[in-house]
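Protein sequences appear in the order of chains Y and L. Position one of the first sequence corresponds to residue 1 (my numbering), numbered consecutively onward. Position one of the second sequence corresponds to residue 1001 (my numbering), numbered consecutively onward. Using N, Cα and C, we set each Cβ at its ideal position, and we do this for glycine too. Worksheet: the structure to be examined is printed underneath.
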Amino acid sequence: MPIKPRTPMPAQEAEARRRNFNEVALGYGEEEAKAEAARCLQCKDAPCQKGCPVGVQIKDFIKAAKTGDWATAYDKIKETNSLPAICGRVCPQEEQCEKVCLLGKKGQPEAIGRLERFAADMAMKRGVKVQKPDDGAPGRGHKVAIVGSGPSGLTAAGDLAKLGYDVTVYEALHAPGGVLIYGIPEFRLPKAIVAEEVNLLKQLGVKLETDVIVGQTVTVDELFDKGFEAVFLGTGAGLPKFMGAPGENLNGIYSANEYLTRTNLMKAYKFPEYDTPIKSGKRVAVVGAGNVAMDSVRSALRHGADEAFVVYRRTEKEMTARAEEFEHAIEEGVKFHFLTNPVKFIGDENGWVKGMEVQKMDLGEPDASGRARPVPVPNSNYTIDCDTVVIALGTSPNPLVSSTTPGLKTKEWGGLIVEEETGKTTKDGVYAGGDAVTGSATVILAMGAGKKAAQAIHEYIQAKK
Amino acid sequence: MFKIVKRRVLTPVTKLYEVEAPLVAAKAQPGQFVVVRVNETGERIPLTVAATDPKRGTVTIVIQEVGKTSSLLGRLEAGQAILDFAGPLGKPAPLLDSGHVVVIGGGFGVAPILPIAKALKERGVKVTGIVGARTKDLLILLDELRESCTDVLTCTDDGSSGTKGLVTDVLKEQLIDQGVPIDQVIAIGPMVMMRAVAETTRPFNLKTLVSLDPIMVDGTGMCGACRCTVEGKTKFACVDGPIFDAHKVDFNEAVRRGKMYAAEQKLAFDRYKAEVAN
Ligand SMILES: Cc1cc2nc3c(=O)[nH]c(=O)nc-3n(C[C@H](O)[C@H](O)[C@H](O)COP(=O)(O)OP(=O)(O)OC[C@H]3O[C@@H](n4cnc5c(N)ncnc54)[C@H](O)[C@@H]3O)c2cc1C
Ligand SMILES: Cc1cc2nc3c(=O)[nH]c(=O)nc-3n(C[C@H](O)[C@H](O)[C@H](O)COP(=O)(O)OP(=O)(O)OC[C@H]3O[C@@H](n4cnc5c(N)ncnc54)[C@H](O)[C@@H]3O)c2cc1C
Ligand code: SF4
Ligand code: SF4
Ligand code: FES
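As structure tokens, this is what we get:
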């Protein structure tokens, strides 16, 4: 029997969406979701589940979905995934659960992420009821501090609060969510969804203290002095890398972090209704080819660029962006200059960027990351005109916490050293997870790390009793 | 929300606030700053900590109204609150343990030099303060400054107080040229003033520090908006500074980057003024 193709997900037309910040993918309706669920073969050993970093019980949740029992489907997902409405939207499913789905061997894999999203959106619409832990919960009377409110911190906070712990989340910025709120744009992940997740945590009793920069406002040691018995560090990898190329500090050149933070956290796309401006021009060049680069270049179109393009020193094959983001970018008219590397930024008489000198590249032997190493082609330099540049070459962990916490050890590049299984750092009572440990990774891995650490913190505190 | 417990009008466009922010009050050192946001649609702007009272849990800031956000702030009254008030950020000012330090303040810059002067004096350092303004009425916080310094010299453009001239004239003519030994100069104020001080002391190889005030967003090292070039290297003013060796700062770049949003700032301010007028 031929396998039915995946149920397509409705999306805004490319021509319209490239000029607005509304969500691109609109999500299934109930009939579409049911039709997609019906495709699942309910395989005996459910290989899909091994592809999910947190082992979502995919088979069982889809089984419930087949009958339209979305409440059960949601509960099943929630057993292992704290943030399904978010993961359903931003997980690189094609690399994970859907990659190993049996349906994919003969045709298109089950649309697991889309179903997850639908189940979660349905639940939110219905109103998720928060079950507060009872008075006898094991965590009662014990305080835990969470530093950072990205997916790792929020997950750890939720899991610990459910066990009855008195949890306080400290966040440096004025709004919680980490990259979910300042990095990933509204058109991929509506901020209302992140706010809703945070709301649920508050209902669970989690306290949220924004505007607190741990390492500056309070140190980790002072948190212990305040009576916290354990601290989880979910501080992410927020430090932007620049190229060090001449002209990089010209006006009009942004790190992706600044470009996206202005756009998302500060809502510069609503200037002057919101006070924070952004200078996004007519010809916007984005350097790099990960998710961050795709988010930047697609934002540039929405800010009104006539032409927005990616400059990347390798080829399409080595790009780290999700397939869906790459496809969406192409549909929206983003151009790609592959095997091209900027060597110098050129300014006009007022110090504004007006172009960049680039060099053609060839692919050589694989490097440490396993990807082909780009090698410059001699005498291949030429100039590309642009009036805005966004540098999206990755980030590393911010040293604000590690440099102010005696006993906390990091790797040379700044990543916190932890025990893989527990997230335990080199300092007693301090646990860590997410990008602060791994460097830039994914939402689901950060969430998984938050879960593991919450369990380890629970065991640590219970053992002390 | 961070409650304003006291407001003082220093000049028609300069306001002093004491804000309830116990965590910041307990931690802030001279030279550090906070990032504030006035309301939900507001931008994040950096302001230097002018004083702290850890016992009462208050932090003093002085704001000069130059655009929309500073004007929004300047309108707040005691009893009202500031939505976000995060800090302390940046590195504390490096303080000498002895000798003679000249602290120079221009505009709102008088406020940030206060805690530096006070801390230096407490360490037994001789501190000369130089402050300048267009006219006498715009010289702010003189009493506080006199208390914090060993000696205070003033100057005004119109000669209504102290020397007629600029802070750099006072520095050169009344101190350097007189052979007064100086171990360090710290200047905080408008970029043009800091640059002029740097050029005044450079020929004498007189160690000079300035507190840069680039455009910032987060203030924690996350965005790179605040990057500046010091000794040929890119630095993030919010975490590597804001205080740098004046003779190594690329002021041209700093001034140029400071103007990046001039058109948008004007648009926002004009709209704001029209709204307030109505
Ligand atoms: C633009 C962009 C797009 C992405 N797209 C995807 C995607 O499509 N799919 C995907 O799976 N992943 C994506 N990622 C990666 C993913 O977002 C991250 O891996 C994930 O958010 C990491 O979570 P985290 O909890 O470790 O840290 P973060 O989300 O980085 O959160 C860290 C939080 O800690 C706070 N903090 C830091 N230091 C301190 C301190 N000293 N005191 C207090 N608070 C502090 C920060 O302000 C921040 O809020 C993307 C990343 C970016 C930047
Ligand atoms: C570390 C640091 C500490 C600071 N401390 C103080 C302080 O204690 N008190 C205080 O009043 N201000 C201080 N500033 C400057 C203050 O942040 C700006 O004045 C404020 O952001 C202006 O916002 P606005 O919306 O009112 O004006 P904008 O609309 O942003 O600007 C209006 C006008 O002011 C000019 N301007 C903008 N930003 C600056 C700047 N950073 N420096 C000089 N001129 C600027 C613009 O060129 C424009 O002409 C500090 C800045 C930094 C980086
Ligand atoms: S969490 Fe991500 S990887 Fe796991 S099942 Fe859901 S979409 Fe797939
Ligand atoms: S592998 Fe694919 S078809 Fe099989 S149970 Fe999992 S989702 Fe369903
Ligand atoms: S203000 Fe963002 S890095 Fe300094």
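Is there a Cβ from chain L that is less than 9 angstroms from the Cβ of residue i?
| i | result |
| --- | --- |
| Tyr-431/Y | no |
| Leu-416/Y | no |
| Leu-239/Y | yes |
| Leu-400/Y | yes |
| Asn-291/Y | no |
| Thr-168/Y | no |
| Val-220/Y | no |
| Phe-242/Y | yes |
| Lys-354/Y | no |
| Met-361/Y | no |
Closer than 9 angstroms, CB to CB, is residue i near chain Y or not?
| i | result |
| --- | --- |
| Lys-1027/L | yes |
| Arg-1044/L | yes |
| Pro-1054/L | no |
| Tyr-1017/L | no |
| Lys-1068/L | yes |
| Thr-1220/L | yes |
| Arg-1146/L | no |
| Thr-1156/L | no |
| Cys-1149/L | no |
Using the beta-carbon count (16 or more within 10 Å), is residue i buried or exposed?
| i | result |
| --- | --- |
| Met-1001/L | exposed |
| Lys-132/Y | exposed |
| Phe-1204/L | exposed |
| Pro-92/Y | buried |
| Trp-70/Y | buried |
| Tyr-382/Y | exposed |
| Gly-1106/L | buried |
| Val-1180/L | exposed |
| Gln-1178/L | exposed |
In chain Y, what lies closer than 8 angstroms to residue i by C-beta?
| i | result |
| --- | --- |
| Leu-1267/L | Pro-272 |
| Arg-1256/L | Asn-251, Asn-350, Gly-351 |
| Leu-1023/L | Val-212, Thr-217, Val-218 |
| Arg-1008/L | Within chain Y, no residue comes near Arg-1008/L; the closest Cβ sits about 24 angstroms away, beyond 8 angstroms. |
| Arg-1271/L | Pro-272 |
Can you tell me which residues form a DSSP beta bridge with residue i?
| i | result |
| --- | --- |
| Glu-1020/L | Thr-1058/L |
| Phe-228/Y | Lys-143/Y |
| Tyr-431/Y | Phe-232/Y, Lys-424/Y |
| Thr-395/Y | Pro-240/Y |
| Phe-345/Y | Met-356/Y |
| Phe-1002/L | Ile-1082/L |
| Ile-384/Y | Met-356/Y |
| Val-284/Y | Ala-308/Y, Thr-388/Y |
| Glu-209/Y | Tyr-170/Y |
| Ile-184/Y | Paired residues: none, contrary to the question. |
Relative to the C-alpha of residue i, which residue among the options is closest?
| i | options | result |
| --- | --- | --- |
| Leu-408/Y | Glu-31/Y, Ile-391/Y, Tyr-431/Y, Val-390/Y | Tyr-431/Y |
| Lys-1136/L | Ala-1021/L, Ser-1160/L, His-1247/L | Ser-1160/L |
| Val-1255/L | Val-1101/L, Leu-1141/L, Glu-1275/L, Pro-1214/L | Pro-1214/L |
| Lys-1248/L | Val-1131/L, Val-1125/L, Ser-1211/L | Ser-1211/L |
| Glu-23/Y | Ala-35/Y, Ile-193/Y, Ala-289/Y | Ile-193/Y |
| Lys-1164/L | Cys-1155/L, Lys-1172/L, Leu-1171/L | Cys-1155/L |
| Val-390/Y | Val-310/Y, Leu-201/Y, Glu-95/Y | Val-310/Y |
| Lys-59/Y | Pro-53/Y, Leu-41/Y, Thr-67/Y, Glu-307/Y | Leu-41/Y |
| Glu-1006/L | Arg-1056/L, Gln-1032/L, Ala-1237/L, Ile-1130/L | Note that residue 1006/L is Lys in the sequence shown here, rather than Glu. The option with the nearest alpha carbon to Lys-1006/L is Arg-1056/L. |
| Val-1062/L | Thr-1011/L, Glu-1147/L, Val-1101/L | Thr-1011/L |
| Lys-1121/L | Ile-1176/L, Asp-1143/L, Ser-1098/L | Ser-1098/L |
| Lys-1126/L | Glu-1231/L, Ala-1025/L, Leu-1145/L, His-1100/L | His-1100/L |
| Arg-1257/L | Glu-316/Y, Met-294/Y, Val-353/Y | Val-353/Y |
| Cys-48/Y | Thr-217/Y, Phe-271/Y, Pro-109/Y, Gly-364/Y | Pro-109/Y |
| Gln-1184/L | Ala-1237/L, Leu-1175/L, Thr-1041/L | Leu-1175/L |
For residue i, which residues in chain Y fall below 7 angstroms Cβ to Cβ?
| i | result |
| --- | --- |
| Met-1260/L | Asn-251, Lys-279 |
For a contact defined as C-beta to C-beta under 7 angstroms, what are the partners of residue i on chain L?
| i | result |
| --- | --- |
| Glu-258/Y | Val-1217, Cys-1223, Gly-1224, Ala-1225 |
Going along chain L, which residues have a C-beta under 9 angstroms from residue i?
| i | result |
| --- | --- |
| His-524/Y | The question about residue 524/Y has no answer, for chain Y in this structure spans 1 to 465. |
| Ile-213/Y | Ala-1086, Gly-1087, Pro-1088, Leu-1089, Gly-1219, Thr-1220 |
For residue i, return the contacting residues in chain Y, with the cut-off set at a CB-CB distance below 9 angstroms.
| i | result |
| --- | --- |
| Arg-1202/L | Chain Y residues near Arg-1202/L: none, gap ~22 angstroms exceeds 9 angstroms. |
Run down chain L in chain order and give the residues with a C-beta less than 8 angstroms from the C-beta of residue i.
| i | result |
| --- | --- |
| Asp-275/Y | Thr-1041, Gly-1042, Glu-1043, Lys-1068, Thr-1069, Ala-1268 |
| Thr-261/Y | Val-1217, Asp-1218, Met-1222, Cys-1223 |
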